[in-house]
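Let me begin by presenting the structure, written as structure tokens, before commenting on it.
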Amino acid sequence: MARARRRPTKTAAQKPDEAAENEPTKQEGDAEDHPTQAEQDDLCPACKKDDTTLWAAADKENWVRCDACKTWFHWRCAGDGGDLDAVDKWFCKACMAADPTRTITMKPPARKSARKKPQRDYAGLHTGQDADPNRWLRMLEGKAIQGDPFRRMEGGEVGVEWLESDDGAMREPFVIEDPEGLGMKMPPRSTTVDDIADTVGRDTPVEVIDVATQSNIPGWTLGKWADYFKQEPHMRDKTRNVISLEVSGTKLADKILPPRLVREIDWVEKFWPPTKKGKGQSYPKVQLYCLMGVAGAWTDWHVDFAGSSVYYHILHGSKVFYFIRPTPANLAAYEKWSGTELQNHSWLGDMVDEVFKVELTAGNTMFIPTGWIHAVYTPVDTVVFGGNFLHSYNIATQLKVREIEIATHVPKKFRFPLFARLCWYAGENYLRALKAKEEFSPRVLEGIEALGDFLVSEARTMERGTDSAKREAKEQVPSDRVKDAPALARELRWRVRLAAGYPSDDEGRSSRKTKATGHEPAGVTNGVGHKRKRLDADVAEHAEGEPGPFRNFKRRAWESVSEKPTERESRAAKAQRPDVQAEGWREAWMDWRDDAVGVEGGEDVVVDRRRDVVIKVRRTAKGLERQRVERVLEDWVWSGESPAPSSSPCS
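For the record, in the sequence shown the residue sitting at position 273 is 490 according to my numbering, with numbers rising by one throughout.
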């Protein structure tokens, strides 16, 4: 049936613990005739471009998903005025035209009875979800859950020096039981929800989550929430949760200062221009969240948007976290589970290797690193302050999580706001630093290389993508700092590979495999007295029609070049691990045989597959010439191996 009649507010990449309240405004450089980011987020494929009617907030919540193509539509645009709650299976007009056997079906009428019945939660029923908030805890019964294995640290130990000296730093969650030494400021522990409402403004709109259905309840203000929160537990009609109240720019923000480590490595703090973070400016507001949950609240499995890290401080109350490591196999299982029917009825822990449990109490502060999958339970009424931040010590995984968000069709309003623009600011800063011969640790250099690869892919979209993709990519480039985006991206990638001591020409992952040394044959290295050997990637990097690697030679330009959207696939399978000590293993894998997967007795392996297609056309003296270039890249990671450096607060 149609997956959810009301568009979900809980997604795979939500606020430091759940969904973030992102309110992107019109960005600098946007053309007047193009919709703003916020407007784009509210559009559906059936929206009329010339329709300027203002809908009520409740109307915007009414979305329906096609059971064939999985595309979301406004019910007002595509529903022909029918009753959404009465629909069983629904298909968009395009899918019904493509397959005449598809028909929209309705639910059977309810049987009527004079007997009194308990009140039902129809918001949960029409999404096929149980209205009992305790169903999440029932899923836990009898499950294998490991104890807390994570490190406890003193506040004074948590700093950039630790990150630079310990390669394992910020790779697993860690807890600081006493905030002294963290360089952090928080409101007094006596602060109540009423105090928060009075400080921020009782009329301030707030997103409230119905725990039973994990969906948003519209029409709430902080004042209404404060009145609900102070009720006795048995007087509350439902179990609710607030997880996305961002308070930057309010009087409450003056009482909060994130930990010193966060301020030192947060990309928004380091790279976003201070002159563009004032009142009314559009920038990523994800650093200061206030989370308020009542006893029994549950936040289902998620990864924070764009793989951002989280700091999480319990002001009063307690929380119970359940963690899953972000291994390739676990992330593949999460991608399969997220946004599907499995999410409503299956325990993700059954699909992964291990689940860990961490209990936090008042005064505890926890850091959640990049990409960790987690769910959160609230045993008692609790108030939390925390925030999200991107950093340079795990850029590859941040980008990997963003790919998962795209693959699982997470709506843009629930992704990290202005992510690509922030990456351009970071790339421009690191390029200047590399030009100035600043030194970076291998871990940061590895991250900058992943950033460079991402920016080059954005540059290629500007050069070869569809018109809409080109426009969207160009809109994310900050013109105040970046004048020539493709040149910046390619120079950054070249300089970081040079700084790391690796050949800078090869575009593939193998560029990190062989380090350049002074012992290679003449003509191969960049050392003094040797010519640099031209590689195929040198030739590939030149644009069509521009001078090639040979003097007085100019390629004949293609008249039309179209780059199809990248296709990505991740799957778990069984395959025999190659014996690299045996002769002939390379030739066996060069055959590109599909029968390598599914071998009986093989080991668990995760295969990430990427397919790029470029089509080119030009006229010739006798007619026309057409070329189709297809590149397929597969990354095989067996259990027990770390993922290759490719790409890639809570409740």
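Think of the CB as a built atom: it goes at the ideal place given N, C-alpha and C, for glycine as much as any other residue.
query: Excluding five sequence neighbours on each side, which residues of the same chain lie with their C-beta closer than 8 Å to the C-beta of residue 425?
result: 433, 434, 437, 442, 457, 458 and 459
- prompt: Which residues share a DSSP beta bridge with residue 573?
  reply: 363 and 540
- prompt: Roughly how far, in whole angstroms, is the beta-carbon of residue 841 from the beta-carbon of residue 834, given that I think they are within contact range, below 8 Å?
  reply: That pair is a contact at about 6 Å.
- request: Can you tell me which of the three DSSP states residue 422 falls into?
  value: strand
field: Contact under 8 Å by Cβ, residue 305 with residue 324
entry: Yes. Within cutoff.
query: So the alpha helix (DSSP H) residue 777 belongs to, where does it begin and stop?
result: Here residue 777 belongs to no alpha helix (DSSP H); instead the beta strand (DSSP E) covers 777 to 780.
task: Determine the direct distance from the alpha carbon of residue 696 to that of residue 525, and round the result to whole angstroms.
output: Residue 525 and residue 696: Cα-Cα distance of roughly 25 Å.
- prompt: Going by other Cβ atoms of all chains shown within 10 Å of its Cβ, with 16 needed for buried, is residue 664 buried or exposed?
  reply: Looking at its Cβ environment, which holds 16 or more other Cβ atoms inside 10 Å, residue 664 is buried.
- prompt: With 16 other CB atoms within 10 Å as the buried threshold, where does residue 849 fall?
  reply: Counting Cβ neighbours within 10 Å, residue 849 comes out exposed, since fewer than 16 surround it.
- prompt: If you draw a straight line from the alpha carbon of residue 514 to that of residue 629, how long is it in whole angstroms?
  reply: 26 Å
Three-pair Cβ contact test at 8 Å for the segment 676 to 686 versus the segment 778 to 796: yes
message: Using the three-state DSSP reduction, which class does residue 633 fall into: helix, strand or coil?
response: In this structure, residue 633 counts as coil in the three-state DSSP scheme.
Straight-line Cα distance separating residue 383 from residue 275: Note that residue 275 has pLDDT 44, beneath the 50 cutoff, so the model's placement of it is unreliable and the number below is only indicative. When rounded, the distance between both Cα atoms is 50 Å.
field: C-alpha distance - residue 489 paired with residue 315, whole-angstrom precision
entry: Approximately 47 Å between the Cα atoms of the pair.
query: Touch check for the segment 498 to 511 and the segment 550 to 567: three-plus C-beta pairs under 8 Å?
result: no
query: DSSP puts residue 841 in a beta bridge; with which residues?
result: 836
message: With a threshold of 7 Å on Cβ separation, who are the neighbours of residue 713 within its own chain once the five nearest residues in sequence on each side are excluded?
response: 651, 662, 665, 666 and 669
- prompt: Where does residue 234 sit, in a helix, a strand or coil, going by DSSP?
  reply: Any answer about residue 234 is weak, because its pLDDT of 43 lies below 50 and its placement is not dependable; what the coordinates show is given next. Residue 234 falls in the coil class under three-state DSSP.
DSSP beta-bridge partners of residue 871: Here the chain comprises residues numbered 218 to 868, so residue 871 is not present and cannot be evaluated.
field: residue 712: CB within 7 Å of a non-hydrogen atom of the ligand PLP
entry: Within the structure as shown, the ligand PLP is missing, as the structure has no ligands at all.
query: Going by the beta-carbon positions, is the gap between residue 823 and residue 545 smaller than 8 Å?
result: yes
query: Who are the Cβ neighbours of residue 794 in its own chain at under 6 Å, not counting the five residues just before and after it?
result: 820 and 855
- prompt: Would you call the CB atoms of residue 602 and residue 530 closer than 8 Å?
  reply: yes
- prompt: If you drop the 5 nearest sequence neighbours on each side, which residues of the same chain put their C-beta closer than 6 Å to that of residue 614?
  reply: 524, 587, 588 and 865
message: DSSP has residue 507 in a bridge; who is on the other side?
response: 462 and 602
field: For residue 617, the first and last residue of its enclosing alpha helix (DSSP H)
entry: 612 to 624
- prompt: Mapping DSSP to helix, strand and coil, what is residue 687?
  reply: helix
query: If you drop the 5 nearest sequence neighbours on each side, which residues of the same chain put their C-beta closer than 6 Å to that of residue 709?
result: 644, 648 and 669
query: Measuring CB to CB, does residue 165 end up less than 8 Å from residue 440?
result: There is simply no residue 165 to check, as the chain begins at 218 and stops at 868 in what is shown.
- prompt: Which word fits residue 483, buried or exposed, when buried means at least 16 other C-beta atoms lie within 10 angstroms of its C-beta?
  reply: buried
task: State the start and end residues of the unbroken beta strand (DSSP E) segment that holds residue 594.
output: 590 to 594
- prompt: Who are residue 393's beta bridge partners in DSSP?
  reply: 582
task: Compare the beta carbon distance of residue 410 and residue 600 with 8 Å and say whether it is the shorter of the two.
output: Yes; because the gap between Cβ atoms is below 8 Å, this pair is in contact.
field: Rounded Cβ spacing between residue 522 and residue 633 (contact assumed at less than 8 Å)
entry: 4 Å
- request: Would you grab the beta carbon distance between residue 279 and residue 301 for me? Rounded to a whole angstrom, and I think it's under 8 Å.
  value: 6 Å
- prompt: Per DSSP, which one or two residues make a beta bridge with residue 831?
  reply: Under DSSP, residue 831 takes part in a beta bridge, and its partners are 780 and 846.
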